[in-house]
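All remarks here apply to the structure that follows.
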Amino acid sequence: MAWILKLVPRLVLGAAGISVATAVLAADITIGAAFPLSGPNASYGDIFGSGANLARDHINEDNLLGDKLRIQYEDTQALPQQGVISMNKLVNVARVPYVLSAFTGVSKAISTAAARTKTVAVNGGGVGPDLASLGAYFWNVIPLATDEVKAILPYLIKEKNLKKFVLIYVDDPLGEGIRKELETSLPKAGGELAESLSVPATMQQFAGIAARVRAANPDVIYIASYGSQQSQMIKQFRDNGIKQQIASYSAFSIPETNALPQAKGAVYTTQNIDWKSADPVTKRFVDDYQSKYNKLPSAYIANYYNAVRLFGLLASELKKKGEAITGENLLRQRNETKSFDLVGGKVTFAENGTVISPMQVNEIDGAGGKVVSVTGK
Amino acid sequence: MLAYILNLATLICINAVLALTLNFIMGYAGIFSMAHAIFFGLGAYTAAYVAMHLSVSIFLTIPIAMCVCALVSLVLALPALRVRGEYFVAASLGLQVIGVTVFSEWKFFTGGIGGVIGIPAASVFGFDVIDPAQFLLPAFISLIVVATIITILSRSSFGRNLQAIRDSESAAYAMGKNVAVIKTLSVVISSALSAIAGALYAFYNGFINVESFTLDTSVLLMAMVIIGGTGTLVGPLVGAVILMVLPSVFSYMWFLPQTEIGAIQQIAYGTAMVLLMIFRPGGLIGSSGKQAKS
Amino acid sequence: MLVVQLFINGIQSGALYALIAVGFSLIFGCTRIFHFAHGATFTIAAYIFYYLYSMAQFHWVLAVLASTIGAIIFGVVLDRWIYAPIQRHEGSFFTVFVASLGIGIIVQNLIGMIFGRGFVSVATPLSESVELMPGLFVAPLSGLAIICMLVFFFALQVFLNRTHIGIAMRALSENPALVRIYGLNPRHLSTMVFAIGSVLVVPAAILTGAGSGLNPAIAHHVMLISLAATIVGGVGSMKGAALAGMLLGITENFALIYLGPQWSEAVTFVVLFLFILLRPSGFFGRAIAN
């Protein structure tokens, strides 16, 4: 029994020793990424990561920062508590000044740590409206749900004459945010929110919900969920006799959902990015992405490319001025810079750390999707 | 790196408090609760609520959290009085599931799935404990306090009564012991003390969420007690240290896939539980001899 | 019509719950072992079927066979190599329970590592609903679930009442010592019980895989349902477990609509909790000495 008491301190010291050694070896510039790398939302982590990695490669090719840029990935599984643990690791152990974040719930959870430690957290995937008010150190490079909803309502109500909505939303900050947005915007746009049904994030059986939706007899079913749950919803709704129009927000842009045969005809909003633009930043991004992955990128990929590129631009300015790359300095540098050349064109940040972007409505057609409407250009 | 070790030490202290309090009802009273994470959570949410709306003084938040947990634990005490063994485990499982649902739905108090954000720093004698490094001291002191209370209780006549009830309830009853009161008291004390761990956790992280209080956590706490050794004083401490250090040890083994560390940790303690039950049911610290049949 | 639809949905879930619960009840009733790893048997059977049918594209008959064999092997191995040694040493219920819990954890995480922690489901046209009446949608899977439950339950009743081994198993739950005196081997009987209990899980596992989908953590849910149905139905009564399983399925579906989806799982446990407090012997069980 006494051997236990001797073993434990040795394990701890051993762990400490190894980590000190690895820390000393790294002389690169490291930024962090808190993504779902496993679990039901791992596909988002892959997508976000592909954009971030491409930007990192471009920055290193151009030698923009002098030293090599490295991204340290931590797995959040898209869960808020795991997100906080990942953030603590990135901030306390890897000591990064800049973290890529994703998912509304996770982003909200890590925003406290970001503010407390003056680390910049950048969101390129979550769209909950609350993300605009998480403090000066929380930035968004993706338009939030307010813009998504504002883009799709005129298309559905005016162009396709579908007025009666039923909302199925996941019971977390994202779902809540979209519900509040629809509640305020629908009546103003000439539509009606007949019912909103919340589902737990872990729910996978939707026959009962389908029965309730059928009973409400809507024109449009708006789904505010993500990952495999949204695919299950679409599949089971169609299996259970729901034939009406399905609509959603940018979470539908993942390949898993676009490949689902039952999703054909569903519409969803994303940022409007002209992939054929001649603008050099966009062209390089699209060409390199296409040659690497054999398909066109999507808005999510562009956003995380932009998030890393943004860091590159800010950090290189700081280096020119001879200043340390800290969260505080990055924030000040962003405020001083008028606009940034990112994928999609010139981007300006509003005071609250959000960006404005034109939106488009996409339709899933089983063949790569098509754009059916563009607003805000 | 130092920050990482201090972080680990603080979490060990918090989990050790939970393991000690769980051992109090499991090892000494024979009440096998799988709902311990719920009292951890209740303490955390209460402390957070009080800190955000009333006062950040640690001397107000912790006692209030303890009272709330003590009251709610009466719900767990009820089945403990009626049934034992498998039935009680089933009831506590039920309570755990219901508790998680309440935590996820009672948005006003718990923030739902989004959790409680921006919990202010605890204030000890007017001094705000903001720096995570400073937090180790209150955490360690709390551990000492809880360990002392439990040691005193288990060595007292109350503790002996508990063990008598665990070993043979009918005999204890025949001896004139008020079994119902003693059992209820033990559940109440255990839950109230685990509220301390909950409050510390809330202040330390600044953010709490239902994910930290699920069945997985209850099982982890149970694993700490079992692997360390039920019914001993040092056992839960050893169990807590080993199980908390395990993920860090695994993450330094570069040949293991990093995203699977959590799964590997669970497989490790699952295997430990099975092997120990076959060869050494008393746990690492406990006696290797036969335990009393329940 | 919504009510009828919910009722039908409830019967479908209930049929699967009943199958799982009867397996657990059989094992617990005969051997008094708190077989928490029953959920792990379910997960193993389900994922074997998913792997062979959906991923490796084998014929479904082969996949079903493999699933069944896998479940039986798992149940028997547990009984022989984990539970038996523990019971030889000292076997308090808690020791066995903890070992079972440990196995459950190991299986859940191994499956998570191999198949990923996300949701998977077996794609089959059987899950598409047919509109029987306006507003009433039933999928062939539901019919299959109910038929399976009836067939298996009927077969089990015949086995337990008409065959020697079946009667011996029932004797085991009453009095193991007496069984030994009659020259039967409780150990062998116990292994048979585990084999049969594990087989009962297989149809439920396959149908769930095709219906609502699988993920490694499903073992928890399965276990909790088995437990609730066994206790509410009464320990030692398989009729009770089946009935309680059906009732829980129906309650869950009605709670879905009238209380909201978040509460539907909790409702099952409120019912369980109340039964334990007020009537631990359940519907048909023997009285529990206090």
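Residue numbers (this note's numbering), protein chains in the order written: chain D, 517 to 893; chain C, -14 to 279; chain W, 13 to 302. Beta carbons are placed, not taken as given, at the ideal position from N, Cα and C, and that holds for glycine.
Rounding to the nearest angstrom, what Cα-Cα distance links residue i and residue j in this structure?
i       : j       : result
V783(D) : D646(D) : 24 Å
I20(W)  : L698(D) : 33 Å
L56(C)  : V173(C) : 7 Å
P689(D) : V88(W)  : 46 Å
G533(D) : M238(C) : Note that G533(D) scores 49 on pLDDT, short of 50, meaning its location in the model is unreliable and no value can be drawn from it.
V8(W)   : Y59(W)  : Absent from the structure is residue 8(W), since the part of chain W shown begins at 13 and ends at 302.
N227(W) : S141(C) : 48 Å
A629(D) : A594(D) : 17 Å
S238(W) : G79(C)  : 12 Å
A710(D) : V665(D) : 17 Å
L121(C) : I115(C) : 11 Å
V736(D) : M37(C)  : 41 Å
K634(D) : I84(W)  : 57 Å
G252(W) : F296(W) : 6 Å
F801(D) : F564(D) : 14 Å
Answer with buried or exposed for residue i, where buried requires no fewer than 16 other C-beta atoms within 10 angstroms of its C-beta.
i       : result
F88(C)  : buried
V615(D) : buried
P703(D) : exposed
V210(C) : buried
E196(C) : buried
D687(D) : buried
G882(D) : exposed
F856(D) : buried
H200(W) : exposed
I23(W)  : buried
V536(D) : Caution applies to V536(D), whose pLDDT of 49 falls short of 50 and renders its modelled position unreliable; the model cannot decide the point.
M160(C) : exposed
Reducing DSSP to helix, strand and coil, say where residue i ends up.
i       : result
F619(D) : coil
M160(C) : coil
W93(W)  : helix
V643(D) : coil
I758(D) : coil
K168(C) : helix
A132(C) : helix
K808(D) : helix
N44(W)  : Per the sequence shown, residue 44(W) should be read as Arg rather than Asn. Coil, per DSSP.
N579(D) : coil
M262(C) : helix
D201(C) : helix
N302(W) : With a pLDDT of only 41 at N302(W), under the threshold of 50, the placement of this residue in the model should not be trusted; the figure read from the coordinates follows. Of the three classes helix, strand and coil, the one that applies to N302(W) here is coil, per DSSP.
V283(W) : helix
Name, please, each residue of chain W whose Cβ falls closer than 9 Å to the Cβ of residue i.
i       : result
A558(D) : G128, R129 and G130
V686(D) : Correct list: empty, because the minimum Cβ distance to chain W is about 11 Å.
D755(D) : S139, E140, S141, F149 and A151
Taking Cβ-Cβ distances shorter than 8 Å, what residues in chain D pair up with residue i?
i       : result
S108(C) : Here the premise fails: no neighbours, minimum Cβ distance about 16 Å.
Y158(C) : By Cβ distance, chain D contributes nothing, its closest Cβ being about 35 Å from Y158(C), past 8 Å.
Check the Cβ of residue i against every Cβ in chain D and list those closer than 7 Å, keeping chain order.
i        : result
G261(W)  : Those within 7 Å of G261(W) in chain D number zero; the least Cβ separation is about 11 Å.
N(-8)(C) : N604 and N608
Against residue i, what residues of chain C qualify as contacts under a CB-to-CB distance less than 8 Å, listed in chain order?
i       : result
A111(W) : M258, V259, M262 and I263
F285(W) : P64, A76, G79, L80 and I83
Quick one: which chain C residues come within Cβ less than 9 Å of residue i?
i       : result
N121(W) : E245, G247, A248, I249, Q250, Q251, I252 and G255
Give me the chain W residues within the contact set of residue i, using Cβ-Cβ distance strictly less than 7 Å, ordered along the chain.
i       : result
G724(D) : L18, N21, N265, L268 and I269
R730(D) : G147
I270(C) : Those do not exist, as I270(C) stays about 16 Å from chain W at its closest Cβ, beyond 7 Å.
V715(D) : P273
For a contact defined as C-beta to C-beta under 9 Å, what are the partners of residue i on chain D?
i      : result
L14(W) : A727, R728, R730 and A731
Y34(C) : The contacting residues do not exist; Y34(C) stays about 16 Å from chain D at best.
Under 7 Å between beta-carbons, which chain C residues line up against residue i? List them in chain order, please.
i       : result
S554(D) : T244
How would you list, in chain order, the residues of chain W whose beta-carbon sits under 8 Å from the beta-carbon of residue i?
i      : result
Y72(C) : I243, I288, P292 and I300
Proximal residues, the region 90 to 103 of chain C versus chain D, C-beta separation under 7 Å: G97, I98, G99, G100, I102 and G103
Members of the region 221 to 252 of chain W near chain C, C-beta cut-off 8 Å: H232, L236, L239, A240 and I243
Against chain C: residues of the region 266 to 282 of chain W by CB proximity under 7 Å: Q274, W275, E277, A278, F281 and V282
Near-chain D residues of the region 139 to 173 of chain W (beta-carbon distance less than 8 Å), N- to C-terminal order: S139, E140, S141, E143, G147, F149 and A151
Near-chain D residues of the region 182 to 205 of chain C (beta-carbon distance less than 9 Å), N- to C-terminal order: N190, G191, F192, I193, N194, V195, E196 and S197
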